[in-house]
Structures are given as C-alpha cells and as structure tokens.
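Report on the structure given below.
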Amino acid sequence: MKKILAGFIMDGHSGGIDKYLLNFLENVNSENLQVDFLTNEVDPELESYLKKYGSGIFPIANLRHPLAQYRQVRGILDKGNYDIVYLNISTAIDCIAAWAARKEKIPRILLHSHSSGNDCENTVKRKIFNTIHYICRLFLYRAGTEYYGCSEKAGLWMFPRKIVRSGKFHTVFNAVDLKKFAYNPSIREKVRKELKLENKFVVGHAGNFVYQKNHYFLIDVFEALKKSCPRAVLVLAGTGERSETVKKIIREKGLEDSVRLLGFRSDMERLMQGMDFFVLPSYFEGLPTVAVEAQASGLPCLMSDTITEEARITENCWYLSLKDSPGKWSDFILEHREANREKIQWIGSREQYSMETLKQQQKKLLE
1 MKKILAGFIM DGHSGGIDKY LLNFLENVNS ENLQVDFLTN EVDPELESYL KKYGSGIFPI
61 ANLRHPLAQY RQVRGILDKG NYDIVYLNIS TAIDCIAAWA ARKEKIPRIL LHSHSSGNDC
121 ENTVKRKIFN TIHYICRLFL YRAGTEYYGC SEKAGLWMFP RKIVRSGKFH TVFNAVDLKK
181 FAYNPSIREK VRKELKLENK FVVGHAGNFV YQKNHYFLID VFEALKKSCP RAVLVLAGTG
241 ERSETVKKII REKGLEDSVR LLGFRSDMER LMQGMDFFVL PSYFEGLPTV AVEAQASGLP
301 CLMSDTITEE ARITENCWYL SLKDSPGKWS DFILEHREAN REKIQWIGSR EQYSMETLKQ
361 QQKKLLE
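Numbering of the sequence shown is given in full-length UniProt numbering, commencing with residue 1 and proceeding in unit increments.
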C-alpha cells in the first residue's frame, strides 16, 4: 500500500486549501492508497469524516514553535513509513515540514503553492512576514522534489523563476463541478424569494472576512453603486476576523437594509444562482475558486487586476485596478451587468477547470 502524508488542513471548510485537499482525498481514494493529514488542531467533525476514507489526522505545533513542529513531523514520518509528502501551503514560511521530510529521506516531496500573497491584518506584521517569506523562499524549493501551483503567479510567489520555468513545475487549476454550478432559472427564483431579493440588482461576494479579500473597498464600491442604482443589494457570504468591523462600516454608511450578511455557506452553487453580478476586489489570490464558480454559473464578474489572468475563463469577466475609485468600479458594474447566463462564452477549454480534469491531474501526482 502506498502512503501519503498531506498538509496542511484546518477544519475542512476554512478555505481553498481545505477544499482542495478534500477533493484530493476523494479523487485519489483507493484500497491501495492511504492518505493521512497534518493539522495544527484536530477538528472532531473533520476527523470523523476522514475516518470514512481510512485517513488519519495528526496535530502538530504551529509555526510559533518551529523546532517542536520539526521534531513532531519527523516522528510521524519515522513511524508511518510514508512514500510521499504532499504539502499544500500559502507561504514559504511553511517550510518546516518539508525539511523534516527531506531529513527523513522521503522519496517524493511535493510542494504546492495556493496563494500569491501574505494574508495578515496588521500592516507591520505583514511586512515582517513578507520578509521572512522571501528569505524562506530561497531555501524551500531545495527541500522539494516536485513543484505545483494553482496558477503560474502562485508558483512565482513560492518558488524561484528557474523552477517555475522548468519541467518540475506544474499548474493544477482549482476546479469546480461545472454541472452543479450551471445556471438554473428555477433555483434562481427560489433563492431570490428566500432572501427577499425579488426585483433587486444583486451584487455578490464570497470569501473569508480577512485582509486579503478587501471587504472595506467592496463596501465603498457598493455605497457608490447604491447611489446610482437604489434597488441594488449586496450579498456577502463568509466569516472572519473583519466581520465586526465590516458590520460597523455598513451601519455607519446606513446600508443595513441593503446588505445581506449570510455567514458561512456550503451552498454557493445555489446562492450564486440568485446573484446578478459577482465582485472580487482581492489584494491577491493564487487562483480564486470562487471566481471559477461564479463564471461557471454565468455571472458577469469584476476582479482586481492583482488577480492572475488565469482566473478569467469567460468573456464576461473583467479586471480593474484597486487604484481606481469606488465610483469607477460602480460605473463599470452598471455598464456590464447585462449577460445571457444560459450562453456562456468560454475562453479556451472549459474542461481544464472541471472536476474530471482535476481528478486526472491529482491521480497523476501519485504516479
């Protein structure tokens, strides 16, 4: 039996890496393969879910205790007799487990980059972490044997250009179930009725309430939009450390009646049916799965130009600079809000973002 130790997972629904790793587990699952996971704190619900696949989950110290993490990972690898270590990470600071795997002489060490920036709320800390990231980046790749990224931009954030331009680097796009997200007028009507959105122009966003997603700018854009389009409503799905501040800003701007705060949602395929436009003004992304989902549902999308061009998969997707005013974003949305959601104009092959393609790629990782 081939054994894989994968990381890092949180609680199974905290972000894109969690979603990717659970898809990985399902896609490669077989009786001849065991996939175990590294985490900082075991979530009981996730642990129960993983048991269905025969997968174990091991808690290790966080990066505040690098030596403890190093020793713990080495111990797990020493006892587990693993063939592959597959690390899915957002910054090169997460290099400890990779070096532990190298020290244990694991034959294959796969490093997979899922971001293109450092998500830290505090500006000073963010600059410090960025400095540490770029230092660790000089050495991280030396611990790996193969390199992956959800986009080329994510690869260049994590690895030297010579690695990304070599045959050792491969892009694995964040995929979605295209059939599940396909536009459905019947579901759209039900969702809009449930959320009391009939006769409204619904602008949507989904993502954790954190620095990366740039909610403050999004609220400013919506404030400008509301002045030009009184029937506009903003729908926000997600939770996070900025939640209370976002609520305060919404109150101060007098937008409580026009913003729906839905919290964490596991039914984005339904929720997106009820939207009319999707906006993603992130400071950075690897390749945002939510943007692929929105476009797969036929929604016109506007994203910040800090997001990789690889995220644009339909003709109804555009980019603007975060240096542009909220008013310019608002005007652009209103000028491009008409879209035939039943006739999506794909750029290139839609299949490269399909679950079937992802499944084939993930199985190939293990060959």
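The beta carbon of each residue, even a glycine, is placed where N, CA and C say it ideally should be. Values in this document were obtained by computation on a predicted structure and should not be read as measured data.
With C-beta atoms as the reference, is residue i less than 8 Å away from residue j?
i: leucine 287; j: asparagine 174; result: yes
i: asparagine 27; j: glutamine 362; result: yes
i: residue 378; j: glycine 56; result: With the chain covering 1 to 367 only, the question about residue 378 has no answer from this structure.
i: arginine 260; j: valine 233; result: yes
i: leucine 5; j: leucine 63; result: no
i: alanine 339; j: proline 281; result: no
i: lysine 3; j: glycine 80; result: yes
i: isoleucine 187; j: arginine 270; result: yes
i: leucine 262; j: leucine 236; result: yes
i: serine 116; j: isoleucine 89; result: no
i: valine 176; j: methionine 303; result: no
i: glycine 204; j: glycine 238; result: no
i: aspartate 119; j: tyrosine 211; result: yes
i: lysine 200; j: arginine 231; result: yes
With 16 as the cutoff for other CB atoms within 10 Å, does residue i come out buried or exposed?
i: proline 59; result: exposed
i: threonine 131; result: exposed
i: phenylalanine 264; result: exposed
i: phenylalanine 209; result: buried
i: valine 124; result: exposed
i: threonine 245; result: exposed
i: methionine 1; result: exposed
i: glutamate 335; result: exposed
i: lysine 193; result: exposed
Please report the residue range of the beta strand (DSSP E) in which residue i lies.
i: aspartate 36; result: 33-39
i: phenylalanine 201; result: 201-206
i: threonine 123; result: Segment 123-143 is the alpha helix (DSSP H) holding threonine 123; no beta strand (DSSP E) there.
i: proline 59; result: 57-59
i: histidine 112; result: 108-113
i: glycine 7; result: 2-7
i: phenylalanine 277; result: 277-280
i: tyrosine 86; result: 84-89
i: tryptophan 318; result: 317-320
Whole-angstrom Cβ separation of residue i and residue j, contact assumed at under 8 Å?
i: glutamate 146; j: arginine 108; result: 7 Å
i: valine 202; j: methionine 275; result: 5 Å
i: serine 151; j: glutamate 293; result: Serine 151 to glutamate 293, Cβ: 16 Å. No contact.
i: tyrosine 148; j: leucine 110; result: 7 Å
i: histidine 133; j: alanine 92; result: 5 Å
Terminal residues of the continuous alpha helix (DSSP H) containing residue i?
i: lysine 363; result: 355-365
i: alanine 237; result: First-last for alanine 237: 232-237, but that is the beta strand (DSSP E), not the alpha helix (DSSP H).
i: methionine 268; result: 268-271
- prompt: Are three or more beta carbon pairs between the region 255-267 and the region 214-233 nearer than 8 Å?
  reply: Because the criterion of three Cβ pairs below 8 Å is met, the region 255-267 and the region 214-233 touch.
- prompt: Should the region 179-198 be regarded as contacting the region 149-160, the criterion being three or more beta carbon pairs within less than 8 Å?
  reply: no
query: Is it a yes or a no for the region 278-293 touching the region 337-351, going by three-plus beta-carbon pairs under 8 Å?
result: no
- prompt: Is there contact here, the region 94-101 with the region 139-155, by at least three beta-carbon pairs under 8 Å?
  reply: yes
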